[in-house]
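All you need for the numbering used here is the position in the sequence shown, starting with 1, plus 40.
For each residue, glycine too, the CB sits at the ideal point set by N, CA and C.
A quick write-up on the structure given underneath.
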Amino acid sequence: MMAHQQPPAQRDIGGWFLRYRDFVLLTLMALIIPATIFASQIKTDNAIERWLGNDDPAVHQWDDFRQQYGVQSQLTVVLEGIRPSDKRVEQMALLMEELKVVNKVWTAGRLQSSLAVTNSTQQPAAASSQFARSPLGKLMVPDGKSTTLWIELKETASANSQQTIRSLQKCARDADIPSTAFHIGGAVVVNAALDYWGTVSLTLLLPFIAVVCLMLLWVLGHTLQQSLLLMFSAVLSVLITFAVMAACGVKLNLLLIALPPLIGVLHLSAGIHIAHHYQVWRTRLVKIFPSDNPTEMNRLAITKAFYETFKPALLATATTAIGMISLLTSDLEIVRSFSIWSSIGLIISFVVAYLFLPSFLLNTTTKPSVFALYGRSISPVFHWKRRIVIAGSLLILLGAIPGWMRLESDLNAIHFLPADCRTLTDHHFIEQKCCGLIPIEIDLDFTKTPSPQARYQLLTELAQKIEQHPDVSHALSSVSFFGPVAMSIHTNLNKKNHAPQLLDNWRTADGNHYRLSALVNSNSEQTIAEITQEIKEIVGGQPANITGLISLIDRSQHAIFKSLRDSLLMAGGLIGVILVITLRSLSAGLIAMIPNLAPIAIGFGVTGWMGILIGIGTVLTASIALGIAMDDTLHFLHQFRQFSSQSNNLGRVIRRTWQACSLPMIQTSVVAAAGLAILATSQFQPIARFGQLMTVLLLLALLADLVFLPYLLTTPVANLFRRKSS
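Have a look at this one:
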């Protein structure tokens, strides 16, 4: 027994947990109810215009444009099989205008009446016939049997997009419009769908993740009691993190909805190492301590487990946090938000793990499972020639790297939704029957073109050229509304108080700037950047600014690659510095980065070679995976240095290190990969792609740490990591 006595500092840790166990447990238990209440109040907001944040130049340009033309969010509604003359159309429009979030509803009848005011000399029958034959009339009355409505929303509509859409749908029901005939599309509709499917995915998948992780913990070597404790502490970490977010007024977005499973698996990673080492030491000490004195044995086992895991776990937490913090370099606001809150969640999970688990494990007296005992008895045989293994690994790495040059992104929000969801079917129906739903807004400067006729001619020609683009359904401007009427109307267009209300959104107050809106179809084979560039070429030398939500998406497309590059460089650099300081060797620090960078290089390289588009969730994976992969590497190198101080036999040191580390490394990686793999089954694309790539990267990192790293340590490189044997 004396051989197992610890230095005073180590005895104090075990004694501290023993003395304050009840206080720690009661404190953490007391947090559950308020944390659950706060966490349940957190809301979602996936507004596309907030992806980049308020400080981005593209956002400033879009805000200036909206203020200049008084443009608010607009929705397009198509009533299938319902003619404009149907009384239900006007009834529904009136009901919608009673809503606090609606500014104005334009129907075919209202638009025709508004245009008729500007040409009162025309007979009503002739005006109606002329309107029906005009491009605008065909847009408002698609296929001659249906009706199109434009709904102008107020700024408050996007604050709760789901409630806005539900209110509009209720107005349609109250007007006896069948739900099958009511098709609605627009940015706010897409935002509402993103909020809904993100929440649904989280609600449906989290229970499955918890059950799968619990079963794997039990099967892979932990007792049922310990498995339940690990899962409970993981859930507690998530609840506390979400409670803090809710208290700070943070709303979930496309990326933050992935926090619960991510924080959960990161917590399990630290917890598994604590429980594993506690289990190992308790199995050893049970042969020494009398059966009637389990308290002292458990205290000593906790002490050993704490000190053997705390330093590498702290370093792993630091490197993972660096990987997350590196995402602050992104131009995307939602990525920066994820960076901050994932780092905070990681710190919370670490604190909970090292307070809750040691306190609770003091009460566990069960024996380890047969699988755990068997797993620790496995002895690796590195009988393959190391040159083949190392050279083969490097060849795979070199073959994958060129795939990075083939990476392409997809940030079209409509592609994030399930293929069979109502929002998507409505979206495609409207684009097929009526018009495109993604507007490219063009601000034309006619300051140097004072003649009304010249302005009319330029607007007409530009609209015609833009409409010839295969992905543009309509090009709307003031000409679209006044084309059928006499030329004199355009002469009077500079007199703002003589223009109908609708035209207020199509020119500035001074009459020198005109708006041209190209309605683009979302199912184009071309990228948003390509379409935008082609529109710019059509506009040519005409003084103009191109903006709109599509420009924000295009800007985000460029930002996603910059985020991936900058965050990975920053994370790799900072983690490399930490490794150099920790290992006290520049060479050792750089070499230790190889098994951690290789999985990322291979994973993204293969993604590029396979032509898989990277999404907004994918950009997070590289830096996070780098930080997580360091967890196993640090544990392996820590044990390697410990055993190398006890023996000069390199082969024996590697085998002992592999035996000591392989089981918890397999447990952490398999449990984390399985939990994230469930995300890959989500119908919500950002979550699915995040889960898919994270799963692949974690499994590649496991192979790198259990195969490549041991073989690397059979070379003279091992001398950089060894301690001299005493």
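- Query: Can you list, in chain order, the residues of its chain whose CB lies under 7 angstroms from that of residue 427, leaving out five sequence neighbours each side?
  - Reply: none
- Helix, strand or coil for residue 651, going by three-state DSSP, please let me know. coil
- Where residue 342 and residue 588 are concerned, what is the direct C-alpha to C-alpha distance, given to the nearest angstrom? 59 angstroms
- Query: For residue 707, does the count of other Cβ atoms within 10 angstroms reach 16, so buried, or fall short, so exposed?
  - Reply: buried
- Query: Which word fits residue 527, buried or exposed, when buried means at least 16 other C-beta atoms lie within 10 angstroms of its C-beta?
  - Reply: Here residue 527 scores only 30 on pLDDT, less than 50, and its place in the model is too uncertain to base an answer on.
- Task: Look at the alpha carbon of residue 217 and the alpha carbon of residue 147, and state the distance between them as a whole number of angstroms.
- Result: 15 angstroms
- Around the Cβ of residue 8, are there at least 16 other Cβ atoms within 10 angstroms (buried) or fewer (exposed)? Past the edges of the chain, shown from 41 to 766, lies residue 8, and the structure says nothing about it.
- Message: Below 8 angstroms, how does it come out for the segment 73 to 80 and the segment 441 to 450: are there three or more Cβ pairs, yes or no?
- Response: no
- May I have the straight-line CA-CA distance separating residue 397 from residue 120, to the nearest angstrom? 60 angstroms
- For residue 567, which option in 198, 90 and 593 has the closest C-alpha, if you only look at C-alpha atoms? 593
- Message: Checking 7 angstroms against the spacing of the C-beta atoms, do residue 767 and residue 79 come in under that value?
- Response: Here the chain has residues from 41 to 766 only, and residue 767 is not among them.
- Message: Can you find the residues in the same chain that come closer than 6 angstroms, C-beta to C-beta, to residue 58, ignoring five residues on each side of it along the sequence?
- Response: 339
- Query: Once you ignore the five residues that flank residue 248 on each side, which residues in its own chain have a CB closer than 7 angstroms to its CB?
  - Reply: 718
- Message: As a quick exercise: from 86, 554 and 271, pick the residue whose alpha carbon is nearest that of residue 232.
- Response: 86
- Query: Sorry if obvious, but does the Cβ on residue 609 come closer than 6 angstroms to a heavy atom of the ligand GTP?
  - Reply: This structure lacks the ligand GTP, and indeed carries no ligand of any kind.
- Query: In terms of residue numbering, what span does the alpha helix (DSSP H) encompassing residue 88 cover?
  - Reply: Counting along the chain, residue 88 falls outside any alpha helix (DSSP H), and DSSP gives it neither H nor E.
- Message: Runs of 4 residues minimum, wholly inside the segment 297 to 363: which ones carry the alpha helix (DSSP H) assignment?
- Response: 299 to 325
- Per DSSP, what kind of secondary structure is residue 555 in: helix, strand or coil? strand
- Answer with buried or exposed for residue 63, where buried requires no fewer than 16 other C-beta atoms within 10 angstroms of its C-beta. exposed
- Boundaries (first-last residue) of the beta strand (DSSP E) holding residue 192: 187 to 193
- Item | Alpha carbon of residue 534 to alpha carbon of residue 726, nearest angstrom | At residue 534 the pLDDT is 44, less than 50, meaning the model places this residue with poor confidence; the figure from the coordinates comes in the next sentence. Near 47 angstroms, if we compare the C-alpha coordinates of residue 726 and residue 534.
- Counting only the same chain and skipping the five closest in sequence on each side, list residues whose C-beta sits under 6 angstroms from that of residue 18. Residue 18 lies beyond the stretch modelled for the chain, which goes from 41 to 766, so this question has no answer here.
- Task: Would you please state the rounded distance, in angstroms, between the beta carbons of residue 730 and residue 660? I believe it to be under 8 angstroms.
- Result: 7 angstroms
- Using only alpha-carbon positions, find the residue among 681, 662 and 640 that is nearest to residue 623. 681
- Message: Alpha carbons only, please: which of 220, 617 and 683 is nearest the one belonging to residue 632?
- Response: 617
- Flag this pair as yes or no: are the beta carbons of residue 644 and residue 444 separated by less than 7 angstroms? yes
- Message: For a test of the three-state rule: what should DSSP assign to residue 262, helix, strand or coil?
- Response: coil
- Quick one: what does DSSP say residue 516 is sitting in, helix, strand or coil? strand
- Message: Using CA atoms only, rank isn't needed, just tell me which of 484, 597 and 635 is closest to residue 576.
- Response: 484
- Task: Kindly list the residues whose CB is nearer than 8 angstroms to the CB of residue 107, restricted to its own chain and excluding five residues on each side of it in sequence; keep chain order.
- Result: none
- Query: At what residues does the beta strand (DSSP E) containing residue 225 begin and finish?
  - Reply: 222 to 225
- Query: From what residue to what residue does the alpha helix (DSSP H) around residue 133 run?
  - Reply: 127 to 137
- Buried or exposed (CB count within 10 angstroms, at least 16 for buried), residue 493: exposed
- Task: Have a look at 176, 309 and 224 and flag the residue whose alpha-carbon is nearest the alpha-carbon of residue 716.
- Result: 309
- Task: For residue 536, count neighbouring C-beta atoms within 10 Å of its own C-beta (all shown protein chains included) and say buried if the count is 16 or more, exposed if not.
- Result: For residue 536, the predicted model reports a pLDDT of 42, less than 50, meaning its position is unreliable; a value from the coordinates is still stated below. That one is exposed.
- Query: Sorted by chain position, which residues of the same chain lie with C-beta nearer than 7 angstroms to residue 212's C-beta, five sequence neighbours on each side aside?
  - Reply: 132 and 222
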